[in-house]
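>
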Amino acid sequence: MATGYIVVNVYTSRAQLPLRNAQVSVTDGNEESPKLLGFRLTGATGKTDQIEIETPDLDLSLSPSKDTAFAVCSVKISHPSYYTLNISDVQVFANTQTLQNVELIPLTENSKPQDRTINRTTPSQNL
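Every letter in the sequence shown is one number past the one before it in my numbering, and letter 22, counting from 1, is 12.
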C-alpha cells in the first residue's frame, strides 16, 4: 500500500471567492458503512490542509491491470449559508495530491432542509 493526499478548495461564485470555515469530511468509498478518513475546516484561502489517504501502490497505474490503481473516497462539504455538496467516487493516486475544486451555492430563501443537498459523482479514470 502507498499514500496519496487530497486537498479541497472551496469557493463561492464564478469569481472563485474563497469560502472560510466550510466543513469538509472525507470518507472511504464504502456506501453502506463509510469510514471517516479526515475532517478539516477551510482557512482564509478556502483550502483545507491535506488529508492522507491510503492508496494502492503506484506500480498499478504504470501498466494495464485489472486491479484499481487508485483509492476511491467521498467528500462532503457543508457551510450553514450554502447548499451541502456530496461528491462520490473521488479518485486519489499514490504519491499524488488530488485537488478537489468545489463551488458552493448560496441557499435560497425559504429552502427546505430536505432540499439543501446536492449530489455529484466523479467519472472514473480510464487507465
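Note that the Cβ used here is the ideal one computed from N, Cα and C, for glycine as well.
Pull up the CB-CB distance for I67 and V(-2), whole angstroms please, since I reckon it's below 8 Å.
Residue 67 sits at position 77 when you count from the first residue of the sequence shown. Residue -2 sits at position 8 when you count from the first residue of the sequence shown. That belief holds up - the Cβ atoms of I67 and V(-2) are roughly 7 Å apart, short of 8 Å.
> Give the range of the beta strand (DSSP E) segment to which N(-1) is assigned.
Against the sequence shown, residue -1 aligns to sequence position 9. Its beta strand (DSSP E) spans residues A(-8) to T2.
> Going by other Cβ atoms of all chains shown within 10 Å of its Cβ, with 16 needed for buried, is P46 buried or exposed?
Start at 1 with the first residue of the sequence shown, and residue 46 comes out as number 56. P46 should be labelled buried.
> Between T98 and V0, what straight-line distance do the alpha-carbon atoms span, to the nearest angstrom?
Translated into positions along the sequence shown, residue 98 becomes position 108. Translated into positions along the sequence shown, residue 0 becomes position 10. Cα to Cα, T98 sits roughly 19 Å from V0.
> Out of E42, L75, N91 and V14, state which residue places its alpha-carbon closest to the alpha-carbon of R4.
Position 14 of the sequence shown, counted from the first residue, corresponds to residue 4. The shortest C-alpha separation from R4 is found at N91.
> I'd like to know whether the C-beta atoms of T35 and D79 end up nearer to each other than 8 Å.
Working through the sequence shown from its first residue, we reach residue 35 at position 45. Working through the sequence shown from its first residue, we reach residue 79 at position 89. Cβ atoms of T35 and D79: not closer than 8 Å.
> If you draw a straight line from the alpha carbon of N76 to that of D49, how long is it in whole angstroms?
Here residue 76 is taken as the residue at index 86 of the sequence shown, counted from 1. Here residue 49 is taken as the residue at index 59 of the sequence shown, counted from 1. Rounded to the nearest angstrom, the two C-alpha atoms are 30 Å apart.
> Report the three-state DSSP secondary structure of Q40 (helix, strand or coil).
On the sequence shown, residue 40 is found 50 positions in, with the first residue counted as 1. Three-state DSSP puts Q40 in coil, outside helix and strand.
> Just to confirm my understanding: we take Y73, look at its own chain, exclude 5 residues before and 5 after, and list those with CB closer than 7 Å. What are they?
Translated into the one-based positions of the sequence shown, residue 73 becomes position 83. The residues are L94, I95, L97, R106, T107 and I108.
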